[in-house]
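Here our numbering is used: position 127 in the sequence shown is 192, and no number is missing along the way.
Where is the CB? At the ideal position from N, CA and C, for every residue including glycine.
Here the structure is a predicted model, which means the values were calculated and not measured.
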Amino acid sequence: MADDALVDPPRSGSPLVDPPLIRPALTRDVLAIARLVDAYSGPGQLLAKSLVTLYEDVPEFIVADHGGEVIGCGALHVMWEDLAEVRSLAVRPAAQSRGVGSTLLEALLARARTLGVTRVFCLTFQTRFFGRHGFTEIDAAPVTEAVYQQMLQSFDDGVAEFLELERVKANTLGNTRMLRHLT
Ligand SMILES: CC(C)(COP(=O)(O)OP(=O)(O)OC[C@H]1O[C@@H](n2cnc3c(N)ncnc32)[C@H](O)[C@@H]1OP(=O)(O)O)[C@@H](O)C(=O)NCCC(=O)NCCS
């Protein structure tokens, strides 16, 4: 469902002259967030999200607001006492490679610290990007067996991916599991 605004012009790599405002998402941002997530959802990329899920998740989201336009978004989903996941991190093609994704990710990590979380997980193809931000590759879900069993009670598809459940295996093929310890 990509619209014209998401057509990718050549990347300049130069920082945006007027950096975007990173702010908590509002309900009125959901359609723009949906366009971003839709543009990147598919095998190996972002988990597709219905509009109702995005509205439910508004409190988890932050956006990069450039003169009133949402050019990037990302979410932090708390999974356990010490653990959260970076989700739906996306920047419009036209605004990529200018530091917007990094600013969003650092803001999500700051939010994780504020919430008392000490480890942040992501499931991604963008290993170099996350590696630059202190994430390292891990093999399996970084929780104890007892916590794993409790997490099985979640209905959330992202949690199912984290737990590597059979029903979502197709979504996670080729993705790398990464973890960042917060200091
Ligand atoms: C991953 C993603 C969010 C990164 O967003 P971004 O705005 O391009 O991120 P940044 O600009 O901060 O960093 C991207 C690269 O540009 C480089 N860069 C940053 N600022 C730069 C600048 N001013 N000039 C030149 N290069 C720059 C960074 O070094 C980085 O290189 P790396 O990928 O080798 O680490 C974006 O590529 C995206 O939306 N991807 C599709 C969705 C996706 O896969 N999301 C992750 C799922 S968990």
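CA nearest to the CA of residue 136, picked from 237, 83 and 122: Numbered from 1 along the sequence shown, position 71 holds the residue referred to as residue 136. Checking every option, the nearest Cα to that of residue 136 belongs to 83.
field: Close Cβ partners of residue 147 (< 7 Å) along its chain, the five nearest in sequence each way excluded
entry: Within the sequence shown, residue 147 is the residue found at index 82, counting from 1. Excluding the 5 residues flanking it on each side, residue 147 has same chain C-beta neighbours closer than 7 Å at 182, 183 and 184, in chain order.
message: Give me, in chain order, the residues of the same chain whose beta-carbon lies closer than 7 Å to that of residue 97; leave out the 5 immediate sequence neighbours on both sides.
response: Locating residue 97 in the sequence shown gives position 32, where the first residue counts as 1. Taken in chain order, the residues that qualify are 135.
query: Any heavy atom of ligand 1 within a distance shorter than 7 Å of the CB on residue 107?
result: Sequence index remark: in the sequence shown, residue 107 carries index 42 (1-based). For ligand 1, not one heavy atom lies less than 7 Å from the Cβ of residue 107.
query: Thinking C-beta only, is residue 227 closer than 8 Å to residue 150?
result: Counted from its first residue, the sequence shown places residue 150 at position 85. Counted from its first residue, the sequence shown places residue 227 at position 162. Yes, these two residues count as a Cβ contact at 8 Å.
- request: Just the C-alpha distance for residue 131 and residue 164, rounded to the nearest angstrom, thanks.
  value: Here the question's residue 131 lines up with position 66 in the sequence shown. Here the question's residue 164 lines up with position 99 in the sequence shown. Whole-angstrom Cα-Cα distance: 13 Å.
Among 157, 133 and 145, the one whose alpha carbon lies nearest that of residue 139: Taking the sequence shown and counting its residues from 1, one reaches residue 139 at position 74. The candidate whose alpha carbon is nearest that of residue 139 is 157.
- prompt: Considering residue 222, what are the terminal residues of the alpha helix (DSSP H) in which it resides?
  reply: Here residue 222 is taken as the residue at index 157 of the sequence shown, counted from 1. Looking at the DSSP string, the run of the alpha helix (DSSP H) that includes residue 222 is 222 to 227.
message: Which residue wins for smallest C-alpha separation from residue 201, given the options 86, 231 and 243?
response: Taking the first residue of the sequence shown as 1, we reach residue 201 at position 136. Selected option, being the one with the closest Cα: 243.
Among 167, 193, 159 and 127, nearest to residue 94 - alpha-carbon criterion: Here residue 94 refers to the residue found at position 29 when the sequence shown is read from its first residue. Nearest C-alpha to residue 94: 127.
message: Given a cut-off of 8 Å on the beta-carbon distance, is the pair residue 111 and residue 155 in contact?
response: Counting from 1 along the sequence shown, the entry for residue 111 is found at position 46. Counting from 1 along the sequence shown, the entry for residue 155 is found at position 90. In this structure, residue 155 lies closer than 8 Å to residue 111 by Cβ.
field: Residues near residue 212 in its chain [Cβ-Cβ closer than 8 Å; skip 5 each side]
entry: Against the sequence shown, residue 212 aligns to sequence position 147. Cβ neighbours of residue 212 within its own chain (closer than 8 Å, five residues either side excluded): 145.
- prompt: Comparing alpha-carbon positions, which option in 121, 114, 123 and 162 lies nearest residue 81?
  reply: Taking the first residue of the sequence shown as position 1, residue 81 is located at position 16. The shortest Cα separation from residue 81 among 121, 114, 123 and 162 belongs to 162.
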